[in-house]
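Residue numbers for the sequence shown follow our numbering, so the first one is -11 and each next one is one higher. The C-beta atom is built at its ideal place from N, Cα and C for all residues, glycine as well. All values derive from a computational prediction rather than experimental measurement.
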Amino acid sequence: MRQLFAQRFTAMVNRAYAHFRLGAIALVMFALVNLANPAPARAIDAPELLPTQMTNVIDLGRFLDDFQEAELDKDLAKFEQKTGWKLRVLTQVDQTPGRAVKDFWELNDRSILLVADSRGRNLLNFNVGDGVYNLLSRGFWIELQSRYGNQFYVREEGQDRSILSSIAAIESCLANDGCKVVPGLPKEQWILTLITSVMGGFIFGYAGHPRHEGEVFAWRWALVMTPLWGMLLIAFGIGPVVSRTGDLLPIVRNVVWLCWCAAI
């Protein structure tokens, strides 16, 4: 009985292995065929979606109301006339004109195309001309996208505010010969600088805690720990604030919290 069961089990395993091997061979052959003859990539090109009249804003996604769209169109036209930088806005959901906008707007090295697409995790995408990178680095665009295009910001402020805030930041930086970071200090980022300042204050206070009788403050130990608490305060507590805003209030708050935590 045991021998018969073993024979049947062995036969079943052999059949399963044979089927698996045939399936694996078929999968490999299918992959090789597709690699050898890949399907040609087709770029989307739908000029029929473009407006008949020239405009700086194509709002296919209807993220802006009529007044916002008209005002933004005027603002972009004035900015281009004043500075020579060409800013354009395209919003889309299900349909997109694709690369047809390049010829429609005659995009070049001094052009910036903001594409707002609600289908992705991040609302914003930027098509930036090579000449723009001399003033606004790739890191700037990554920060701009993550600040104004993330789902939390869009959910709280709206798609229109996301677009308008991004355009305002770009115009401000281009008008002032470029920016290394996105101007403005969001509340979330200030809270992060405050946390690092508080951590620096605790370390500073612990390092300076008196260790001998009659000692008021252990300055020697505080100086030894300067690279740590100093980095938390200057590099992470003050640096991000100074580089993004001229407002001194966040800096004063961070320093006050550091001193208060050090005194605990």
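Quick check on the burial criterion: 16 or more other C-beta atoms within 10 angstroms. Buried or exposed for residue i?
i, result
"Ser231", "exposed"
"Arg135", "buried"
"Cys247", "exposed"
"Trp207", "exposed"
"Thr84", "buried"
Determine the contact status of residue i and residue j, defining contact as a CB-CB distance below 9 Å.
i, j, result
"Phe128", "Thr181", "no"
"Met187", "Leu220", "yes"
"Leu75", "Ile158", "yes"
"Trp264", "Val120", "No information on residue 264 is available, as it lies outside the stretch -11 to 252 that the chain covers here."
"Asp235", "Val244", "no"
"Leu123", "Leu162", "yes"
"Gln56", "Asp165", "no"
"Pro174", "Ser160", "no"
"Gly117", "Asn96", "yes"
Considering only the alpha carbon of each residue, which of the options lies closest to residue i?
i, options, result
"Met42", "Glu57, Phe92 and Asp82", "Phe92"
"Thr79", "Thr71, Ala104 and Glu201", "Ala104"
"Leu111", "Pro238, Gly146 and Ser125", "Gly146"
"Glu210", "Tyr194, Gly117, Gly137 and Val170", "Note that residue 210 is Ala in the sequence shown, not Glu. Nearest C-alpha to Ala210: Tyr194."
"Met213", "Gly196, Ile183, Ile239 and Val81", "Gly196"
"Leu60", "Val77, Gln69 and Lys90", "Val77"
"Val81", "Leu95, Lys66, Asp47 and Pro198", "Asp47"
"Pro215", "His200, Phe192 and Val204", "Phe192"
"Gly49", "Ile130, Ser106, Glu201 and Glu94", "Ser106"
"Leu237", "Gln133, Gly218 and Trp178", "Trp178"
"Ala250", "Ile239, Ile222 and Phe205", "Phe205"
What are the partner residues of residue i, as DSSP defines its beta bridges?
i, result
"Val103", "Leu78 and Asn113"
"Ile46", "Leu78"
"Cys247", "Cys247 pairs with nothing; no bridge assigned."
"Cys167", "Leu124"
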